[in-house]
Amino acid sequence: MIRKNPSGDLPVIAESAYVDKTAIICGKVVIGENVFVGPYAVIRADEVDASGQMQAITIGANSNIQDGVVIHSKSGAAVTIGQHTSIAHRSIVHGPCVVGDRVFIGFNSVLFNCEVGDGSVVRHNSVVDGRDLPPGFYVPSTTRIGPKTDLAQFPPVSISAAEFSEDVARTNIDLVRGYKALQNEF
């Protein structure tokens, strides 16, 4: 469902993107070329700041927002998802937040008030809250990273984790093409 927010903003969705019919895209949202938005995802840009303004939620080209993902923002703050980035099933990205290019965010993970550098991998069931992650950073499954977490304790992204991330992004670009070809059949 594509709908306006209370401020009257409508999403802008690239023609080459695929948005599942069960997804909700609301308000000041910009979805780039070849983006896949899976079933029951919610991308909602509707809150405003104290002056009545809001920044966009932007999803970069060739990224994928998988089943049940929620992307929202506090008080009109921006959320930016880079290119070739995967946000896996049931994750929450709550702004203000910047997720770089070629990033993988694993199932059920939560990002809030942070930046995740290019090429990073956040594995399943992890939380990043109030702490920026540098490029090429690796967060193991079930890890909680907060404002005072010592990032030196974590190893860089391994080659296998980076390859997995790239494979997920490629697979979802193929899904966009496949679902776009099918969408007139229903």
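Sequential numbering from 1053 applies to the sequence shown in the working numbering.
Backbone N, C-alpha and C define an ideal beta-carbon position, used for all residues, glycine too.
It should be emphasised that the depicted structure is a prediction, and the values quoted were computed from it without experimental measurement.
At a Cβ threshold of 7 angstroms, is V1145 touching chain D?
The structure shown contains no chain D; it is built from a single protein chain.
Could you give the first and the last residue of the continuous beta strand (DSSP E) run that contains R1222? Unbroken run through R1222 is the alpha helix (DSSP H), I1211 to L1234; no beta strand (DSSP E).
Q.
Judging by CA-CA distance, which residue of H1176, G1147 and G1152 is the nearest neighbour of F1164?
A. Comparing C-alpha distances from F1164 to each of H1176, G1147 and G1152 shows the shortest one belongs to G1147.
Following a CB-centred definition, is I1144 positioned closer than 6 angstroms to any heavy atom of the ligand FMN? With respect to the ligand FMN, the structure shown offers nothing to examine, as it has no ligands at all.
Open item on the list: Taking 8 angstroms as the limit between beta carbons, can you name the residues of its chain near K1056, skipping five residues before and five after?
Closed with: Once the five neighbours on either side are set aside, the close Cβ partners of K1056 are L1062, C1078 and G1079.
Margin query: Within a Cβ cutoff of 7 angstroms, which residues of the same chain sit near H1136, ignoring the five residues on either side of it in sequence?
Written below: Only N1114, S1115, D1153, R1154 and A1221 meet the Cβ criterion.
Touching or not, the stretch 1081-1091 and the stretch 1227-1234, by the rule of three or more beta carbon pairs under 8 angstroms? Between the stretch 1081-1091 and the stretch 1227-1234, the count of C-beta pairs closer than 8 angstroms reaches three or more; the two stretches touch.
ask   = Are the Cβ atoms of D1170 and P1186 separated by less than 7 angstroms?
value = Contact flag unset, no.
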